[in-house]
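Q: Going by this note's numbering, the residue at position 231 of the sequence shown is 220; the numbering climbs one at a time, nothing skipped.
Glycine included, every Cβ here is placed at the ideal spot set by N, Cα and C.
Here it is: the structure, laid out below.
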Amino acid sequence: MKKTRIFSVSNQKGGVGKTTTTVNVATALAALRKRVLIIDLDPQGNATVSVGLKRGYGRRNSYSVLSGLDRLKDSVLETEIPYLYVLPSSQELLGVDIELAGVEKPQFFLKNALENAEAFDYIFIDCPPAVGLLTMNALVASNCVIIPVQCEYLALEGVADLVKTIEKIKKHFNPQLEIHGIVMTMFDGRSNLSKSVVRDVRNFFGERVYETLIPRNVRVPEAPSHGKPVMLYDFRSVGAQSYVRLAGEILTREKEMNHE
């Protein structure tokens, strides 16, 4: 039986496209009739809003599941997109670092909650822009990490710090954890800076960097305000088509890794 593949989408730097990548890759895979769950682990709740739900929707959410108050299967919500489900965010996540600080093995709460997640082919965890207990829980629970990197100055700086965190998690808590790939976001083909950043990141990380570049496209940031992934908001836009290609590239890597 094929095991559920769990991805963390993470970068400790904010505004790099984590949520957009999470939501649109998940939507693209759902369009291929893969059963996909988005776990919104960011207290801001942007992934929840981006699939058409309101922040603070219902009592059951990622906080109640992480805390062991509710079971995952009782807390997952359907979206208007067939095969796509979401575990919504909660502002109560803001206090997790304090609440779990004195608890034994606080890094394993999410992993324990996902023990019976075989109903899904893929789970994508939208991480907050910080390396606290929420991100640590996500990384401990995951098979691999997708790192969105914005095409801007000092982009490598934040990624290098995250890679160090991933190596520590791998060494102490989750030996199977791997970087699945790095996706370059907000690429401007007219900008020498964008081209230079992509070149630098590829020189540093080699084949770990996906071939697909996610361009700057006004339709991408517009889509969440309509409660839709960009693929539903404007499927023909260059942003939507880029995420279709990225999802295909992720599936190709999965096959190469014998997970598909």
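Are the Cβ atoms of residue 28 and residue 112 separated by less than 8 Å?
A: Yes. Within cutoff.
Q: Taking the alpha-carbon positions, what's the residue 147 to residue 134 distance?
A: Answer to the nearest angstrom: the Cα atoms are 15 Å apart.
Q: Please report the straight-line C-alpha distance between residue 22 and residue 167, rounded to a whole angstrom.
A: The alpha-carbon atoms of residue 22 and residue 167 are separated by roughly 25 Å.
Q: Please classify residue 47 as buried or exposed, where buried requires at least 16 neighbouring CB atoms within 10 angstroms.
A: The residue in question, residue 47, is exposed, as its Cβ has fewer than 16 Cβ neighbours within 10 Å.
Q: Report buried or exposed for residue 246, applying the criterion of at least 16 other Cβ atoms within 10 angstroms of its Cβ.
A: Residue 246 comes out exposed.
Q: Return the residue from the list 87, 32, 94 that minimises the CA-CA distance to residue 77.
A: For the residues 87, 32, 94, the minimum Cα distance to residue 77 belongs to 32.
Q: Between residue 190 and residue 149, how many whole angstroms is the CB-CB distance? I'm expecting something under 8 Å.
A: 11 Å between Cβ atoms; not a contact.
Q: Taking just the CA atoms, how far does residue 173 sit from residue 235?
A: One C-alpha to the other measures close to 10 Å.
Q: Within 10 angstroms of its Cβ, does residue 142 collect 16 or more other Cβ (buried), or is it exposed?
A: Looking at its Cβ environment, which holds fewer than 16 other Cβ atoms inside 10 Å, residue 142 is exposed.
Q: Please report how far the alpha carbon of residue 66 lies from the alpha carbon of residue 3, in whole angstroms.
A: Residue 66 and residue 3: Cα-Cα distance of roughly 26 Å.
Q: Out of 183, 37, 98, 49, which has the shortest C-alpha to C-alpha gap to residue 73?
A: The candidate whose alpha carbon is nearest that of residue 73 is 37.
Q: Measure the CB-CB distance between residue 79 and residue 64 and report whether it falls below 8 Å.
A: Cβ distance not < 8 Å, so residue 79 and residue 64 don't count as in contact.
Q: Taking the alpha helix (DSSP H) that residue 1 falls in, what are its first and last residues?
A: From DSSP, residue 1 is part of no alpha helix (DSSP H); its letter is neither H nor E.
Q: What residue range is occupied by the uninterrupted alpha helix (DSSP H) comprising residue 52?
A: Counting along the chain, the alpha helix (DSSP H) containing residue 52 begins and ends at 51 to 55.
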